[in-house]
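Undergrad: Each residue of the sequence shown is one higher than the last, beginning at 5 in my numbering.
Each residue gets a CB set at the ideal place from its N, CA and C atoms; glycine is no exception.
Just so you know, these numbers come straight off a predicted model, no measurement behind them.
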Amino acid sequence: MTWETLIRGGRWFDGTGAPSAIRDLGIKDGRVAAVSATPLDAAGCPNVIDAAGQWVVPGFIDIHTHYDAEVLLAPSLSESVRHGVTTVLIGSCSLGTLHVDALDAADLFSRVEAIPHDCVIKAVEEHKTWSNAVEYVAALESLPLGPNVTSFLGHSDLRAGVMGLDRSTDRKVKPTAAELDRMRDLLEDALAAGFVGLSEMRSPWDKLDGDRYRSRTLPSTYASWKEYRALHRILRRAGRVLQSIPNLTTPTSLVPYLIESMGMGLRPALKTSFLTAADVKANPALGHLMGPIAGFTNRVGRGDFRWQHLPVPFDIFADGIDLVVFEELGSGAAALHLKDEARTELMRDEAYRRRFRREYDRKWTPRVWNRDFYDAHILACPDESVVGKTFGQVGDEQGLHPVDAFLDLVVEHGTGVRWHTTISNHRPKVLDKLSSLRDVQMGFSDAGAHLRNMAFYNFGLRLLRRAHVSGFMTVERAVHRLTGELADWCDIDAGRIREGDRADLVVIDPAGLDESVDQFSEAPVEVFDNLSRMVNRNDRAVTATLVAGNQVFGAGEFAPARRTGRFLRAGEPRGTVDPATVRETVGGT
């Protein structure tokens, strides 16, 4: 047999958690055609990859991204592919572009996910040809996708599409019976088209952008439990996934979701994925509660509940006050509501500053950020005398409260003040414990969002490095957690590289899993008006990334853009091959 690609002599991890072994892999027609303990014949094979001393693993699955706009403008999604991600899940956090128009999509995405408003409008205006889920999937598959894509149906997108953005964000307005029926029908349509499930949003800290309904919370937050349960029944019946996040101002809001996830009597469990398992600086005890909460729900309550978990320190960067964590402060939200000079004038006002100081010093309130300007390091500023210091140190030197030191610099220099902090996952032993919990899923990268604030595109490589260096879990288990475990739970054809499986895989040089994987860089995003994005650059780690047998990246270089990925439909039988992808693989037309 002539292989289209032959991967020779690598340590093969099949994605099930089984022991690894040295194997040759022969790839043909977009599938793994052979896994052999003896050398395969390379005669006539146009692409032979020498993987001796390297790992051959299934392509990583990123279950939490916000690529909904970027995939339309730059469908290669190169920032994920270059780090071994071969499947991405969009439609997270109740957002999406399926049912809303361009302006509504921009208002939904831009402030919450820190994506340029004009660029979201451009993406949807130029590319939207769909009016339903089937047409949306077809539109995605008409693009030269780099990785595979699958999707949630966003509840805010659904609600705004049915009710209009104004009515769906008016607390006095409830959907009519006809509108609720329409939401049910559209969810059914999306699941029939292969969507993984529904994503919701309960956090009041996520706000609309734009000038029409600015600072209203996302449409999903206005729904009643009658509406939620009507949609959950459809998911439960279909065996699909609910993704959500609790109302962070009232932690007890998690309890109804735990009960919803439980199987009771003849009622099956509801697959529920919640944000997020983290060792939060603001609440050190919280990380120790995640396992018991999920364990009780799943083992005693017969539920199917999972925490999403980012298996790396949660480092964030900010330009001035442009950072989503300030939404949890009333004073921060007031500043983010305003733009340009109006915002600057507010931050000069002494009454506003008193309010900010009061909220900053209030310790016993729900929070994600630990509100410690002594733990916020200035990376760049036109005033070079403050670079390398914390805002707290600057305040001490000037006899100011840390809040005033921060606001003075932002008023003077705006987004020219760039700073960094770590809000969670800062303790290695606690991080190892969280990453090992059986009821935790690897995810929550937010890839494609918060472009100036964080970069977790290589979270899979960083987990493998931790497993390889510290041994807190086997590399086989770490690979399984990033691949087959997620694919099985989402019910998609991915995450395995046994004979007959999709040839979505990555060849990794373990010698490249060094300190570079923990570093951050910046690079312009051409389709977002060359905005400088936070990225990761550790190309020594990835020798090759293949999607449907096509090598799309390797040794720091991308192959010419063409369609290699497809829309992976939940519930689709394994072994289903997309004819268009196969034609790409064999080079025909």
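Determine the extent of the alpha helix (DSSP H) in which residue 308 is found, giving its start and end residues.
TA: Per DSSP, residue 308 belongs to no alpha helix (DSSP H); it is in the beta strand (DSSP E), 308-313.
Undergrad: Throw me the rounded Cβ distance for the residue 213 and residue 110 pair, which I believe falls under 8 Å.
TA: 7 Å
Undergrad: For residue 536, which beta-bridge partners are listed by DSSP?
TA: 528
Undergrad: Which residues in the same chain as residue 177 place their Cβ atom closer than 6 Å to its Cβ, once the five residues preceding and following it in sequence are excluded?
TA: 171
Undergrad: Identify the continuous beta strand (DSSP E) that holds residue 247 and give its terminal residues.
TA: 245-248
Undergrad: State yes or no: is the C-beta of residue 396 nearer than 7 Å to some heavy atom of the ligand MN?
TA: For the ligand MN, the structure offers nothing, since it holds no ligand at all.
Undergrad: Could you check if residue 528 is buried or exposed, using at least 16 other CB atoms within 10 Å of its CB as the buried criterion?
TA: exposed
Undergrad: Here's the rule I'm using: 16 or more other beta-carbon atoms within 10 Å means buried, otherwise exposed. How should residue 164 be labelled?
TA: buried
Undergrad: Evaluate contact between the region 282-289 and the region 400-413, counting only Cβ atoms and requiring at least three cross-stretch pairs below 8 Å.
TA: no
Undergrad: Let me check one thing: in DSSP terms, what residues is residue 91 bridge-paired to?
TA: According to DSSP, which records beta bridges pairwise, residue 91 is partnered with 65, 152.
Undergrad: Secondary structure at residue 291, three-state DSSP: helix, strand or coil?
TA: helix
Undergrad: For the alpha helix (DSSP H) containing residue 446, name the first residue and the last one.
TA: Boundaries around residue 446 are those of the beta strand (DSSP E), 444-446, since no alpha helix (DSSP H) includes it.
Undergrad: Which of helix, strand or coil does DSSP assign to residue 545?
TA: coil
Undergrad: Does the region 428-439 come close enough to the region 311-319 that 3 or more CB-CB pairs lie under 8 Å?
TA: yes
Undergrad: Looking at residue 424: is its Cβ nearer than 8 Å to the Cβ of residue 383?
TA: yes
Undergrad: My assumption, with CB atoms under 8 Å, is that residue 64 sits in contact with residue 486. Please give the rounded CB distance.
TA: Indeed, because the Cβ distance is near 5 Å, the residues count as touching under 8 Å.
Undergrad: Apart from the five residues on each side of it in sequence, which residues of its chain come closer than 8 Å, Cβ to Cβ, to residue 321?
TA: Sequence-distant partners of residue 321 (beyond 5 residues in either direction) whose C-beta falls short of 8 Å from its own C-beta, in its chain, are 383, 422, 423, 424, 456, 457, 458, 524, 538.
Undergrad: Can you tell me where the alpha helix (DSSP H) holding residue 555 begins and where it ends?
TA: That residue, residue 555, is in no alpha helix (DSSP H); its beta strand (DSSP E) goes 554-558.
Undergrad: Kindly list the residues whose CB is nearer than 6 Å to the CB of residue 574, restricted to its own chain and excluding five residues on each side of it in sequence; keep chain order.
TA: 198, 200, 495, 496
Undergrad: Rounded to whole angstroms, what is the Cα-Cα separation between residue 478 and residue 43?
TA: C-alpha separation (whole angstroms): 27 Å.
Undergrad: In whole angstroms, give me the CA-to-CA distance for residue 328 and residue 206.
TA: When the Cα atoms are used, residue 328 and residue 206 turn out to be separated by approximately 15 Å.
Undergrad: Scan the region 185-239 and note each continuous alpha helix (DSSP H) run of 4 residues or more that stays entirely inside, going in chain order.
TA: none
Undergrad: So is residue 247 buried or exposed if we call it buried at 16+ other beta carbons inside 10 Å?
TA: buried
Undergrad: Would DSSP call residue 276 helix, strand or coil?
TA: Per DSSP, reduced to three states, the secondary structure at residue 276 is strand.
Undergrad: Residues in the same chain with beta-carbon distance under 7 Å from residue 82, minus the five sequence neighbours each way, listed in chain order, please.
TA: 150, 562
Undergrad: Alpha carbon to alpha carbon, what distance is there between residue 155 and residue 586?
TA: Its pLDDT being 43, under 50, residue 586 is placed unreliably by the model, and the measurement read from it follows with that caveat. Counting only the Cα atoms, residue 155 lies some 22 Å from residue 586.
Undergrad: Find the nearest neighbour of residue 128 within the set 374, 113, 101, 39, judged by alpha-carbon distance.
TA: 101
Undergrad: Between the region 459-472 and the region 540-558, do at least 3 Cβ pairs fall closer than 8 Å?
TA: yes
Undergrad: Suppose you measure from the CA of residue 48 to the CA of residue 7; what does that come to, to the nearest Å?
TA: 8 Å
Undergrad: Given a threshold of 16 other Cβ atoms within 10 Å of its Cβ, counted over all protein chains shown, does residue 56 qualify as buried or as exposed?
TA: exposed
Undergrad: With a cut-off of 8 Å, do at least 3 Cβ pairs link the region 296-310 to the region 253-265?
TA: yes
Undergrad: Give me whichever residues DSSP pairs with residue 30 in a beta bridge.
TA: 10, 38
Undergrad: Closer than 6 Å by C-beta to residue 67: which residues in its own chain qualify, once you throw out the five before and the five after it? Chain order, please.
TA: 93, 447, 490
Undergrad: Grab me the residues of residue 188's own chain with a C-beta within less than 8 Å of its C-beta, minus the 5 sequence neighbours each way, in chain order.
TA: 234, 235, 238
Undergrad: Looking only at DSSP bridge pairs, what is residue 15 linked to?
TA: Per DSSP, 26, 59.
Undergrad: Where does residue 512 land, buried or exposed, given buried means 16+ other C-beta within 10 angstroms?
TA: buried
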